[in-house]
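Visitor: Quick one: structure below, then a few questions.
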Amino acid sequence: MTSTVSVNGADRELAADATIAAIVDDIAGGSRGVAVAVDGVVLPRERWGSTVGELEPSAIDVLTAVQGG
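Structure representation (structure tokens):
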């Protein structure tokens, strides 16, 4: 089963068993310097093993830190 979820503003079809950690890895290439918000609420790293099916999100935002000034 799949769900359409807005990921960083773009609609994506995600499997119900896809974990937040897998989505982060796909987008950011790892978890260093990354934060995740699900439906506008920051998701603690301890919960990144949660699946799309468990959370039933409408939006996931993967945010990365950037260096600059």
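With UniProt numbering, the residue at position 45 of the sequence shown is 45, and numbering never jumps. Cβ coordinates follow ideal geometry from the N, Cα and C atoms, glycine included. Keep in mind the model is a prediction, meaning the values are calculated, not measured.
#1: So aspartate 25 is in the alpha helix (DSSP H); what residue range does that whole segment cover?
#2: Going by other Cβ atoms of all chains shown within 10 Å of its Cβ, with 16 needed for buried, is proline 44 buried or exposed?
#3: Compare the Cα-Cα distances from valine 7 to each of Glu56, Ala65, Gln67 and Gly68 and report the closest residue.
#4: Using alpha carbons as the reference points, say which of Ala35, Ala59, Val5 and Arg12 lies closest to alanine 21.
#5: How is the beta strand (DSSP E) around leucine 14 delimited, first residue to last?
Guide: This is what the structure holds:
#1: Per DSSP, aspartate 25 belongs to the alpha helix (DSSP H) from 20-28.
#2: By the neighbour-count criterion, in which 16 or more other beta carbons inside 10 Å mark a residue as buried, proline 44 falls on the exposed side.
#3: It is Glu56 whose Cα lies nearest to the Cα of valine 7.
#4: Comparing Cα-Cα distances from alanine 21 to each of Ala35, Ala59, Val5 and Arg12, the minimum goes to Ala35.
#5: Taken as a continuous stretch (DSSP letters only), the beta strand (DSSP E) holding leucine 14 covers 10-15.
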